[in-house]
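Step one of this worksheet: look at the structure below.
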Amino acid sequence: MKAIQIKILILTLIVSNAFGQGRKNNWLVGYNSGTSPVTTCERAKISFNTGSTVIQPQTTRKINFLATEGNISDRSGNLLFSSNGVWIADAFGDTMQNGTGLNPGPMVNSMSNSYCLNLLNANLIIPYPGDSLKYILFHTVGNYNASLSATELFYTVIDMNLNGGLGGVIAKNQIAFNDTLMWSISAVKHANGRDWWVLMVKDNSDIIYKVLVTPFGIQNVSSQSMGGVLNYKNSVGQSCFSPDGKKFAYSSGYVDMTGGIHYITDVRVFDFDRCSGSITNYHLFSTSNFEAAGGVCFSSSSRYLYVSTVAHVFQIDANAISPTVDTVAVNDGYYSPIPPFQSDFFLQYLAEDGRIYITSGNSVIDFHYINKPDSAGPTCDVRQHALHLPCFGWRSIPNHPNYELGADSGSVCDTLQLGIMNAEFQIQNEVIRINPNPASDYFYINYNLTVNDIALFVLYDAYGKEVLRRNLYGAMHTLLVNYLELENGVYYYTVLLSNKIVDRGKVAVVR
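So, in structure tokens, the structure goes:
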């Protein structure tokens with residue numbers, strides 16, 4: 364009990380002295396590599412809270428990171444929790460309450476040494492829509508039985524109310540859907556500025572899966588064909604959205620053993636509709652036939668897409684009518700710190716300082732960065748092995764969506780600002796009627812169900828917080844609702860029958 368109180372006191376001091384802002388302001392690197400002739404530090408944190416890059420050794424942190432790193436901070440830039448695909452750590456890098464046992468299966472069971480996953484962007488954290496103290500960790504893992512492809516998308520729910528504010532897991536390893544999938548997970552805000560789209564690409568196909576997350580949880584899972592161009596089998600690569608949420612891109616590559624070992628790497632870029640979740644305007648780019656696939660990342664303005672392979676960094680003008688691939692950097696072969704640890708190019712990350720950082724596919728102590736990502740061609744200024752770490756980092760990079768992306772103001776899906784229901788999920792068959800609407804101190808729910816049905820009526824405020832729920836029994840046809848504690852405004856309701864939405868709408872309260 365005393366240890367928890369001490370942690371809470373330290374956490375309070377951290378929060379009170381914070382002066383930065385941003386949920387994506389922390390980057391955790393390093394793993395238990397043992398002693399080395401060049402460094403004794405095993406783990407470090409890179410913070411962007413001050414507007415510049417601050418690197419801090421973390422000698423007491425227990426959690427290791429390779430390519431699978433999910434973390435989230437509060438709006439002041441204070442780390443809340445993190446996950447390496449095997450377990451979840453609290454703000455102090457220790458095990459979160461009920462935070463062990465992620466991604467059950469043979470791959471995690473084999474992590475006896477590093478005890479962390481090395482899969483590209485295989486987890487991602489989003490705030491739970493409508494609940495400021497809950498978060499959803501999406502995660503996936505490879506499958507040794509058939510291939511390295513993932514076989515499901517898991518999700519785990521964290522409640523920061525638990526364990527004295529350090530958080531705890533309340534639902535673990537829930538399956539959003541099953542299929543053979545590439546590892547990388549990406550997310551973007553819905554056009555209403557509250558809900559989320561989570562995307563994953565199906566392996567060896569032309570299918571993209573889209574998961575809609577609302578205050579109800581996972582509301583819908585759908586898929587869309589990209590137009591007939593297949594991904595490679597056992598393909599690996601990174602995926603990302605542009606900061607404005609209007610474009611989605613991912614790299615896809617594999618090793619072709621025919622006629623000798625060589626790599627094939629493609630990049631796919633789409634327009635994305637945050638309202639409907641549809642992808643259009645497909646562009647396919649081939650960057651190299653001889654290098655392994657690496658990272659993709661958009662610049663802050665969303666104009667330039669950067670693609671990294673082992674030896675090159677490429678730039679694509681995503682706003683061009685006929686985009687082309689331009690080479691902006693060639694790896695100089697630097698060893699970091701000594702052979703055989705060559706500091707090549709791998710995954711990418713757009714940090715709060717506006718730079719794009721590029722990790723290495725090897726265990727090195729230096730990373731690269733693009734100093735001016737919104738500049739065209741070589742003027743973007745790729746600086747190789749320019750970020751010096753106090754410890755080894757191997758592919759470690761966070762997987763952050765744009766948490767601050769707002770509603771698409773004026774769109775038909777701007778439900779929270781314009782009071783228009785999401786067109787994609789508008790129910791055509793009217794199950795209930797609200798009378799009077801607008802209402803003052805009460806309203807009646809008039810409905811028509813079969814005798815044995817029991818439906819659920821749930822009312823939400825404009826921020827997605829549940830304010831009322833009532834059962835609707837089929838043997839009756841009217842229910843009186845008193846709502847004396849509700850303030851003036853527009854509220855949204857949903858009617859569920861057998862856990863499926865059968866109607867939704869809005870009711871105004873005017874006194």
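Under the working numbering, the first residue of the sequence shown carries the number 364, and numbering increases by one thereafter. Positions of the beta carbon are idealized from the N, C-alpha and C atoms, including for glycine. Model, not experiment: these values are computed from the prediction.
Contact set for residue i: own chain, Cβ-Cβ below 8 angstroms, skip 5 residues either direction
i    : result
H646 : R631, V632, F633 and P686
K565 : D542, T543, L544, M545, I571, Y572, S586 and N594
P761 : K387, N389, W390, L391, E432, G433, N434 and Y712
K609 : D634, F635, R637 and S665
Assigned secondary structure, residue i (DSSP; H/G/I helix, E/B strand, else coil)
i    : result
V471 : helix
C776 : coil
T742 : helix
G433 : strand
G756 : strand
N682 : coil
Q791 : Because Q791 sits at a pLDDT of 40, beneath the cut-off of 50, its placement in the model cannot be relied upon, and the point is left open.
N541 : strand
G527 : helix
D636 : coil
S723 : coil
I728 : strand
K869 : strand
Q587 : strand
R832 : strand
A454 : coil
V814 : coil
A485 : coil
L465 : coil
N765 : coil
L480 : coil
Distance between beta carbons of residue j and residue i, contact taken as under 8 angstroms
i    : j    : result
T504 : V471 : Here residue 504 turns out to be Val, not Thr, going by the sequence shown. Contact holds; Cβ gap of about 6 angstroms.
P764 : F604 : 7 angstroms
T519 : A534 : 6 angstroms
L483 : G448 : Wrong, their Cβ atoms sit about 11 angstroms apart, outside the cutoff.
K425 : A452 : 7 angstroms
H748 : Y697 : 5 angstroms
F704 : S726 : 6 angstroms
L429 : L480 : 7 angstroms
Between the CA atoms of residue j and residue i - distance to the nearest angstrom
i    : j    : result
V599 : L822 : 43 angstroms
W450 : K596 : 28 angstroms
Q601 : L831 : 42 angstroms
V745 : L859 : 53 angstroms
S801 : V872 : Note that residue 801 is Pro in the sequence shown, not Ser. Cα to Cα, P801 sits roughly 6 angstroms from V872.
D629 : L529 : 42 angstroms
I583 : G769 : A quick correction: the sequence has Asn, not Ile, at residue 583. Cα to Cα, the separation comes out at about 21 angstroms.
F661 : H502 : 23 angstroms
G837 : N644 : 47 angstroms
F382 : T413 : With a pLDDT of 32 at F382, under the threshold of 50, the modelled position of this residue cannot be trusted; read the value that follows with caution. Roughly 7 angstroms separates the two Cα atoms.
N427 : V576 : 29 angstroms
W559 : I409 : 27 angstroms
R796 : Y810 : 6 angstroms
G773 : D636 : 14 angstroms
Y641 : V574 : Sequence inspection shows Ser at residue 641; the Tyr mentioned does not correspond to that position. Answer to the nearest angstrom: the Cα atoms are 12 angstroms apart.
P469 : L562 : 25 angstroms
A825 : A554 : 15 angstroms
S547 : F730 : 21 angstroms
I488 : H840 : 42 angstroms
Y766 : K552 : 8 angstroms
A366 : L465 : Only weak support exists for where A366 lies, its pLDDT of 44 falling under 50; the coordinates are left without a value.
F444 : T423 : 15 angstroms
Cβ neighbours of residue i in the same chain (closer than 6 angstroms, five flanking residues each side left out)
i    : result
T857 : V821, I864 and R867
E715 : G385, N388 and F411
V691 : V676, Q678, P741, C743 and V745
K497 : Y491 and D522
F648 : V630 and V688
L511 : G505 and N597
E654 : Y626, T672, V673 and A674
Close Cβ partners of residue i (< 7 angstroms) along its chain, the five nearest in sequence each way excluded
i    : result
L889 : Outside the modelled stretch of the chain, which goes from 364 to 874, sits residue 889, for which no answer is possible.
L668 : A612, V632, V659, F661, I679 and A681
N851 : V872, V873 and R874
Y478 : N427 and V449
K735 : T742, C743 and D744
I418 : A407, I409, L752 and P753
S861 : none
Any chain B beta carbon closer than 8 angstroms to residue i
i    : result
G530 : Structure shown: chain B not included; a single protein chain is present.
Considering only residues of the stretch 643–712, which uninterrupted beta strand (DSSP E) runs meet the minimum length of 3 residues and lie entirely inside it, listed in chain order? Counting only runs of 3 or more, we get 659–661, 667–671, 675–680 and 688–693.
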